[in-house]
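In what follows, a single structure is set out as structure tokens and then discussed.
In my numbering, the protein residues as written are 788 to 972.
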């Protein structure tokens, strides 16, 4: 595969739904974009307790070197994680986020996307492997806002078919209420 990252559109969904053994190092992906809003910044400040005036105080921020309020760097990384379509049937866990570097500020109203590349593949056992990626969070005018290394635990092999539903006329122990649950038996 080419080591270049495709431009535009959503190429991440197909990559993140494939079997581990079908992935190749050097493969790139691009997510759709998402606009960072006032509500995002206020909600993130409330959730994390990070009320730094650069993020929440319009007057203070106007006097800062940036001249306006900015999104939290960790908000931008959180949005990046949400933009990458980590298929729950394939991606079992986000194992590591490392080496995050913030290159530029993200302003309210900026639209960001993730451009990524598979950097490493490591088999763990017959059922799982580790996929290492680099992600670039890209904003207006294709400027890189942040770079980060991400490692995910990936399910290998064919995905199993859903278990058949138990018939209504057959009661099984698995369907019976747990006696300790407090529910009527």
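Virtual Cβ for every residue (Gly too), placed ideally from N, Cα, C.
Spatial distance of residue i from residue j (CA atoms)
i, j, result
"residue 915", "residue 941", "5 Å"
"residue 904", "residue 817", "9 Å"
"residue 815", "residue 919", "12 Å"
"residue 833", "residue 869", "19 Å"
"residue 803", "residue 835", "29 Å"
"residue 806", "residue 876", "10 Å"
"residue 844", "residue 854", "11 Å"
"residue 798", "residue 831", "28 Å"
For residue i: DSSP bridge partner residues
i, result
"residue 907", "919"
"residue 933", "889, 924"
"residue 815", "904"
"residue 857", "894"
"residue 880", "940"
Whole-number beta carbon distance between residue j and residue i, since they are thought to touch under 8 Å
i, j, result
"residue 857", "residue 894", "6 Å"
"residue 900", "residue 930", "Going by Cβ atoms, the distance from residue 900 to residue 930 rounds to 12 Å, so no, they are not a contact pair."
"residue 975", "residue 828", "Since the first residue shown for the chain is 788 and the last is 972, residue 975 is missing from the structure and cannot be characterised."
"residue 939", "residue 922", "With 8 Å as the limit, residue 939 and residue 922 do not qualify as a contact, their Cβ atoms being about 11 Å apart."
Endpoints, alpha helix (DSSP H) assigned at residue i
i, result
"residue 831", "825-835"
"residue 800", "799-802"
"residue 848", "845-849"
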